[in-house]
Amino acid sequence: MLVVRAVEDQPSRGIRRGDVFRIYLVDAHHHMGREGSHRNTPPGAYSYYALLWFELRRMAKDQLEKDSLLFEPIRVEPPSLPWKCFSLRDSWERMNNGWLVDRTIVFPYSDDYAKSSDRTTASFRLSNDKIAGWTTHAPNSTRLIGFARVDPTDGKTKSPDAAVNELNRAVNNLGLRGLKLHPLAQLFVDDIQDDITKRVVVRAGELRIPVIFDTRNIRTARKIKALVDDIRSDDSYADALRGMRIILGHSAMSPGDSLLHEIIRDPLIHAETSGLHGQDIPVLFKTAQERVGTTRGSWSEKILFGTDYSFLSMQAAEVILYLLSKSFSGTLADIQRILGGNALSLVQKPFTTDGPSGEAPRQVVFNDEDHRGLETLESLILNLVRNRQWDVASFDFMIPPRGTWPDVRPHPTGGFSGVYDNSYIITLVANKGAREVHIWVRQQSGKTSTCAIVGSRAQHTLDTTELAFQRVDPFLLSTLAEHSVQIESADRIQSVLLRLLEVP
């Protein structure tokens, strides 16, 4: 988490010199695996973020001397529970660094594992297995979000259903939470509007996962927009449209093109910043403010921060510093949306895989005035991980509903960035058996907190990380209310939760 300090008074925003703010960062474009000389694993990602922080500080020092910053980056802070998770074992502790970025969306390169000579094996099958291995087990599952890759041309060269079947497997069996498509690398630029690509994108929408396309030019972006319009015009795809979310990687390398900004006015399409540097950066944001505007929501809801590591490295620092500079006319809420909030909103479906559902929802309600209850709860979960009884498949903070991201508040008044660091969903998977549950922690009004245990595969389960009652299944809420255990003492939380989790 990036911590910044106001360099000067900003009366129109109610900000005073010296006010300190926390910004939650999500890298929406990051590769792992191996492709030629490019190799990356979770430790490599965290080391990169540590180097990026040093570069950010160096560049900030130069800009402070030129009086060009509104906010100075002063330190990084890890979120509490993920940091504690990385501290559980010595081998994990060595990766407990690089906390400039809190969550990272990772997907395969066009890598050495992508192709198989077996005509019955879909492209990227082994690559997706590797991404799942890195992103769905502790401790990396508290920091990484795994996306799959498929090759739509498998629909021509292998079998008509090959790419769609691999996407189903990656999401439903492996628990990956999005999809990366690369028209240039997989040679389907001319087939973006064809059935082989449409079937994959439609299925992603039905699965309610976002799709990031690598877009190297505006022509590719135009084809993707046409694909979305084709799908929108067919009533049979209504269900897919409700879950469809498209990201244009690299902003089509056309940050000032009026067509790009017309395309991202589409409510289903967003831009991403990796690859931009120098004057490309202000051009993207200024043109978005002018051309996207607020006709269909705030312009800043349409852009995601990404690095494209390991193909690119320190250019990402330029994007962050521009957003903190006097040249950027947006608010701190705009900055938080771009640097993390938008990515979290697009990847809002909690981790889940297919399997037996038999898990009745239960809830513990406890007084947490002194935060002992939450500390006891988190210690219990971490002990279950340390003792290899349960594994953490994912960790997601709750976020505001789309379009309601609040102003960022300074530290003395809570330091709230819009990411609810006291309300979250942890997906636990039993190391023996097939149990998979969501642990849903919420701080209620006043001094009360709740911890719900919800079957991730149940008919009535958590299907969003947005913290709003209207977004949660009403049957689930009523069932939790009927099956609540009230605890007066924090000392009882451990015994009650162990019983509910059926841990001996």
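Numbering (my numbering) for the sequence shown: 1 to 504. Glycine included, C-beta positions come from ideal geometry on N, C-alpha and C.
*So what's GLN389 in DSSP terms, helix, strand or just coil?*
For this step, residue 389 is matched to residue 389 along the sequence shown. DSSP places GLN389 in coil when its eight states are reduced to three.
_MET59 in three-state terms, based on DSSP_ = Position 59 of the sequence shown, counted from the first residue, corresponds to residue 59. Reduced to three states, the DSSP call for MET59 is helix.
*asked:* Which complete beta strand (DSSP E) runs does the segment 155–184 hold, if anything under 3 residues is left out?
replied: 179–181
*Just the C-alpha distance for GLY155 and GLY306, rounded to the nearest angstrom, thanks.*
As a position in the sequence shown, residue 155 is number 155, starting the count at 1. As a position in the sequence shown, residue 306 is number 306, starting the count at 1. Straight-line Cα distance between these residues: approximately 30 angstroms.
*Tell me whether VAL485 sits in a helix, a strand or coil according to DSSP, three-state version.*
On the sequence shown, residue 485 is found 485 positions in, with the first residue counted as 1. VAL485 falls in the strand class under three-state DSSP.
*Buried or exposed (CB count within 10 angstroms, at least 16 for buried), GLU290*: For the purposes of this step, residue 290 is taken as the residue at position 290 of the sequence shown. By the neighbour-count rule (16 or more Cβ atoms within 10 Å), GLU290 is not buried but exposed.
*Using the Cα positions of HIS31 and ASP151, report the straight-line distance between them to the nearest angstrom.*
Translated into positions along the sequence shown, residue 31 becomes position 31. Translated into positions along the sequence shown, residue 151 becomes position 151. The straight-line gap from Cα to Cα measures roughly 16 angstroms.
*Distance, Cα to Cα, PRO412 vs VAL3?*
Taking the sequence shown and counting its residues from 1, one reaches residue 412 at position 412. Taking the sequence shown and counting its residues from 1, one reaches residue 3 at position 3. Each residue's alpha carbon lies about 13 angstroms from the other.
*Identify, in the order they occur along the chain, each residue of the same chain with its Cβ nearer than 7 angstroms to the Cβ of GLY297, setting aside the five sequence neighbours on each side.*
Here the question's residue 297 lines up with position 297 in the sequence shown. Confidence in GLY297 is poor, its pLDDT being 49 and thus under 50, which makes the residue's placement unreliable; the coordinate value appears in the next sentence. Once the five neighbours on either side are set aside, the close Cβ partners of GLY297 are GLY403.
*Can you list, in chain order, the residues of its chain whose CB lies under 8 angstroms from that of GLY455, leaving out five sequence neighbours each side?*
Reading the sequence shown from its first residue, position 455 is the one you call residue 455. Same-chain partners within the cutoff: SER357, GLY358, GLU359, ALA360, PRO361, GLU436, VAL437, HIS438, THR461.
*Would you grab the beta carbon distance between THR142 and VAL429 for me? Rounded to a whole angstrom, and I think it's under 8 angstroms.*
Counted from its first residue, the sequence shown places residue 142 at position 142. Counted from its first residue, the sequence shown places residue 429 at position 429. THR142 to VAL429, Cβ: 14 angstroms. No contact.
*asked:* So if DSSP puts ARG39 in a beta bridge, which residue, or which two residues, is it bridged to?
replied: Within the sequence shown, numbered from 1, the residue matching residue 39 stands at position 39. Bridge partners of ARG39: ARG34.
*Could you tell me the distance, in whole angstroms, from the CA atom of LEU332 to the CA atom of ASP118?*
Sequence index remark: in the sequence shown, residue 332 carries index 332 (1-based). Sequence index remark: in the sequence shown, residue 118 carries index 118 (1-based). Each residue's alpha carbon lies about 51 angstroms from the other.
_Proximity winner among GLU72, LEU56, VAL164, relative to ARG199 (alpha-carbon distances)_ = The residue you call residue 199 lines up with position 199 of the sequence shown. Looking at the Cα atoms, VAL164 is the closest of the given residues.
*Taking the continuous beta strand (DSSP E) assigned at VAL292, which residues delimit it?*
Residue numbering aside, residue 292 sits at position 292 when the sequence shown is read from its first letter. Note, VAL292: premise wrong, no beta strand (DSSP E); not H, not E.
*PHE86: first and last residue of the uninterrupted alpha helix (DSSP H) it sits in*: As a first step, residue 86 must be located in the sequence shown, where it is residue number 86. Segment 80–86, the alpha helix (DSSP H) holding PHE86.
*Could you give the DSSP three-state label for THR153: helix, strand or coil?*
Within the sequence shown, residue 153 is the residue found at index 153, counting from 1. Three-state result, THR153: coil.
_Check for me: the alpha helix (DSSP H) holding ILE338 runs from which residue to which?_
The residue given as residue 338 occupies position 338 in the sequence shown. Run containing ILE338: none; DSSP gives neither H nor E here.
*Could you pull the start and end residues of the alpha helix (DSSP H) that SER127 belongs to?*
Here residue 127 is taken as the residue at index 127 of the sequence shown, counted from 1. Taken as a continuous stretch (DSSP letters only), the alpha helix (DSSP H) holding SER127 covers 125–135.
*Have a look at LEU248, ARG203, GLN279, GLU272 and flag the residue whose alpha-carbon is nearest the alpha-carbon of ARG242.*
Against the sequence shown, residue 242 aligns to sequence position 242. Selected option, being the one with the closest Cα: ARG203.
*Indicate whether LEU100 and ALA50 have their beta-carbon atoms separated by less than 9 angstroms.*
Taking the first residue of the sequence shown as 1, we reach residue 100 at position 100. Taking the first residue of the sequence shown as 1, we reach residue 50 at position 50. Yes, they are a contact pair.
*asked:* Judging by CA-CA distance, which residue of GLN444, MET244, THR427, SER87 is the nearest neighbour of ILE453?
replied: Locating residue 453 in the sequence shown gives position 453, where the first residue counts as 1. Nearest C-alpha to ILE453: THR427.
*Alpha carbon to alpha carbon, how far is PRO210 from VAL496? Give it in angstroms, no decimals.*
Position 496 of the sequence shown holds residue 496. Position 210 of the sequence shown holds residue 210. Roughly 38 angstroms separates the two Cα atoms.
*For HIS460, the three-state DSSP class (helix, strand or coil)*: Translated into positions along the sequence shown, residue 460 becomes position 460. In this structure, HIS460 counts as coil in the three-state DSSP scheme.
*Quick one: what does DSSP say ASP421 is sitting in, helix, strand or coil?*
Reading the sequence shown from its first residue, position 421 is the one you call residue 421. It is a strand residue.
*Tell me, please, which residues DSSP counts as bridged to SER449.*
Mapped onto the sequence shown, residue 449 falls at position 449. Looking at the DSSP assignment, SER449 forms a beta bridge with PHE366, GLN443.
*For ALA226, count neighbouring Cβ atoms within 10 angstroms of its own Cβ and tell me buried if that reaches 16, exposed if not.*
Position 226 of the sequence shown holds residue 226. Exposed, because fewer than 16 other Cβ atoms sit within 10 Å of the Cβ of ALA226.
*Are the C-beta atoms of TYR48 and some chain D residue less than 9 angstroms apart?*
Of the protein chains in this structure there is only one, and it is not chain D.
*Give every residue of the same chain whose Cβ lies closer than 8 angstroms to the Cβ of LEU284, excluding the five residues on either side of it in the sequence, and list them in chain order.*
Within the sequence shown, residue 284 is the residue found at index 284, counting from 1. Excluding sequence neighbours, LEU284 sits near SER251, PRO255, GLY256, ALA271, THR273, LEU276, ILE303.
*Boundaries of the beta strand (DSSP E) in which ILE15 is found, first to last residue*: Taking the first residue of the sequence shown as position 1, residue 15 is located at position 15. Per DSSP, ILE15 belongs to no beta strand (DSSP E) and is neither H nor E.
*For SER12, which of ASP230, GLY330, SER47, LEU323 has the nearest alpha-carbon?*
On the sequence shown, position 12 is the one that residue 12 refers to. The shortest C-alpha separation from SER12 is found at GLY330.
*Starting from VAL3, trace the alpha helix (DSSP H) both ways and give me its first and last residue.*
Along the sequence shown, read from residue 1 onward, the residue named residue 3 stands at position 3. Per DSSP, VAL3 belongs to no alpha helix (DSSP H); it is in the beta strand (DSSP E), 2–6.
_Whole angstroms are fine: how far does the CA of LEU377 sit from the CA of LEU324?_
The sequence position of residue 324 within the sequence shown is 324, counting from 1. The sequence position of residue 377 within the sequence shown is 377, counting from 1. If I take the Cα positions, the gap works out to 37 angstroms.
_Residues of its chain near LYS505, where Cβ-Cβ distance is below 8 angstroms and the 5 sequence neighbours each way are ignored_ = Nothing can be reported for residue 505: it is not among the residues displayed for the chain, which extend from 1 to 504.
*According to the neighbour-count rule (16 or more other Cβ atoms, all chains shown, within 10 Å of its Cβ), is ALA490 buried or exposed?*
The residue labelled residue 490 in the question sits at position 490 within the sequence shown. Per the 10 Å Cβ criterion, buried.
*Do the CB positions of ASN97 and TYR46 come within less than 9 angstroms of each other?*
Here residue 97 refers to the residue found at position 97 of the sequence shown. Here residue 46 refers to the residue found at position 46 of the sequence shown. It is a contact, given that the beta carbons lie within the stated cut-off.
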